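In this note's numbering, the protein residues as written are 444 to 858.
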């Protein structure tokens with residue numbers, strides 16, 4: 444019987460017909476910061492700018508080998524899996540039907556069309572992914588096609604293991620630690636199985652977004668559970684339930700080795716990687732880098748590989764990402780100010796601002812009384828330490844205010 448590691452090696456070799464290994468690059472900026480050897484496995488530089496092409500290719504290849512007459516493939520995806528399937532369909536010369544929610548951004552639809560060309564057709568149906576998935580599976584059964592799951596499939600898991608195969612080959616040795624994101628678990632399941640056979644001393648640290656920590660929930664419960672609510676900001680990894688087959692590979696994971704990344708901190712990481720390193724990552728692609736501060740003591744003096752799993756970032760989201768990054772780092776706050784309705788009151792308020800303080804938003808909400816009005820004010824500053832001093836000046840000047848930066852309900856309604 445072929446071992447999993449041998450199967451992963453074979454799958455990796457077959458992929459060379461489609462694309463070369465993605466780069467493994469030492470990052471000087473992160474290495475210097477953490478006193479470690481930090482390497483980035485750049486899956487954001489694959490042909491479809493994510494690792495998803497690996498599992499799609501391997502699953503399609505093995506299906507074609509087992510069923511030579513099968514030339515119809517179906518998937519449901521609003522993102523990277525769709526693009527990987529489209530690229531693989533074009534490579535193998537088969538027909539693909541890709542179901543996407545009606546709410547999918549046009550950018551993702553167009554990229555899927557570009558990768559698939561005439562080999563794929565896209566069907567938009569359902570406002571929510573569950574509806575889209577049901578429609579895709581029903582259609583697949585009707586036409587006798589093969590459904591390509593995004594992660595819960597042994598051939599997909601085997602294909603994703605090729606990331607770890609390349610890491611060991613490119614580094615020339617086993618690293619002390621590999622840090623990688625978790626969504627449905629395909630990438631982490633493949634890495635867990637491959638490294639357990641080939642590099643058992645290499646530690647794995649898995650990262651989930653705070654708003655979609657389905658693996659942590661499963662480990663705590665002892666079985667897969669469905670999260671009652673998911674924050675879809677990290678759309679490439681925000682999964683409500685870990686896969687059944689991926690869970691089989693991950694069920695023995697130490698809960699302490701599964702880290703959680705807050706969405707606002709991820710935004711700060713995205714901005715830093717873009718501005719400092721010129722690397723464009725999507726939110727899921729930044730997860731492994733984002734948790735390095737949490738691992739600082741563990742990785743010092745060691746070699747760690749972070750898998751940057753995808754770079755399909757829609758730049759229309761950049762204003763939101765910048766906003767959330769500023770709020771996380773403490774250099775932007777929103778206040779509701781009770782402003783006296785008299786001449787000179789606004790000038791007095793402006794006179795209390797520091798040299799690095801800037802008004803980013805000013806909006807009258809209502810007059811709460813004849814002599815006072817409520818004003819929504821957004822303030823940006825150069826350093827987070829400036830705000831305590833500003834608040835002290837406001838209080839000394841008799842200005843009543845409420846900091847609503849951390850109030851999610853008010854922020855979503857007003858901002």
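Note that CB positions come from ideal geometry on N, CA and C, so glycine has one too. Owing to the predicted nature of the structure, the values given are computational and were not obtained by experimental measurement.
In the structure shown, residue 770 falls within a helical segment according to DSSP collapsed to helix, strand and coil. DSSP places residue 602 in the uninterrupted alpha helix (DSSP H) bounded by 597-603. Runs of the beta strand (DSSP E) spanning 3 or more residues and lying entirely within the stretch 630-689 occur at 646-652, in chain order.
Here residue 541 carries a strand assignment [DSSP, helix/strand/coil]. Of all alpha-carbon atoms in 749, 593, 785, the one lying nearest the alpha-carbon of residue 481 is that of 749. Assignment of residue 513 by DSSP, reduced to helix, strand and coil, places it in the coil class. Straight across, the Cα-Cα distance linking residue 584 with residue 695 is about 35 angstroms.
Secondary structure at residue 591: coil, using DSSP grouped into helix, strand and coil. Distance from the CA atom of residue 775 to the CA atom of residue 857, rounded to whole angstroms, is 15 angstroms.
Comparing C-alpha distances from residue 825 to each of 528, 665, 772 shows the shortest one belongs to 772. In this structure, DSSP gives residue 845 an extended state, which the three-state scheme calls strand.
In the structure shown, residue 723 falls within a coil segment according to DSSP collapsed to helix, strand and coil. Secondary structure note for residue 494: it is in no alpha helix (DSSP H), with a DSSP letter that is neither H nor E. Under DSSP, no beta-bridge partner is assigned to residue 583. The residues 818, 820, in chain order, have a CB closer than 7 angstroms to that of residue 805 in the same chain once the five nearest residues on each side in sequence are set aside. Contact annotation, residue 647 with residue 638: C-beta distance approximately 7 angstroms; criterion of less than 8 angstroms satisfied. Per DSSP, reduced to three states, the secondary structure at residue 746 is strand.
In the assembly as shown, residue 752 is a buried residue. Its beta-carbon has 16 or more other beta-carbons within 10 Å. For residue 831, there is no enclosing beta strand (DSSP E); the residue is found in the alpha helix (DSSP H) stretching over 829-839. Sixteen is the threshold: when 16 or more other Cβ atoms of the shown chains lie within 10 Å of the Cβ of residue 678, as they do, the residue is buried.
For residue 623, the enclosing beta strand (DSSP E) stretches over residues 620-624. Beta-carbon to beta-carbon, residue 652 and residue 704 are separated by about 6 angstroms, close enough to satisfy the 8 angstroms threshold.
Around the CB of residue 553, fewer than 16 other CB atoms lie within 10 Å, so the residue is classed as exposed. Taking the C-beta atoms as reference points, residue 544 is found nearer than 7 angstroms to residue 569.
In this structure, the alpha-carbon of residue 459 lies about 15 angstroms from that of residue 495. Rounded to the nearest angstrom, the Cβ distance from residue 633 to residue 600 is 5 angstroms, consistent with a contact under 8 angstroms. Within its own chain, the residues whose Cβ lies closer than 8 angstroms to the Cβ of residue 645, once the five positions on either side in sequence are excluded, are 617, 618, 619, 620, 621, 638, listed in chain order. Per DSSP, the unbroken alpha helix (DSSP H) holding residue 559 starts and ends at 549-559. Inclusion of residue 724 and residue 754 in the CB contact set at 7 angstroms is warranted, their separation being smaller than that value. Judged by beta-carbon spacing, residue 593 lies beyond the 7 angstroms limit of residue 727, meaning their Cβ atoms are not closer than that value.
The Cβ atoms of residue 491 and residue 530 sit closer than 7 angstroms to each other. Under the DSSP assignment, residue 794 falls in the alpha helix (DSSP H) whose first and last residues are 788-794. Here residue 597 is buried: its Cβ has 16 or more other Cβ atoms, across all protein chains shown, within 10 Å.
Beta-bridge partners of residue 783 (DSSP): 815.
Distances from the CA of residue 658 to each of 635, 738, 626 were compared; the closest alpha carbon is that of 626. At the C-beta level, residue 712 and residue 729 come within 7 angstroms of one another.
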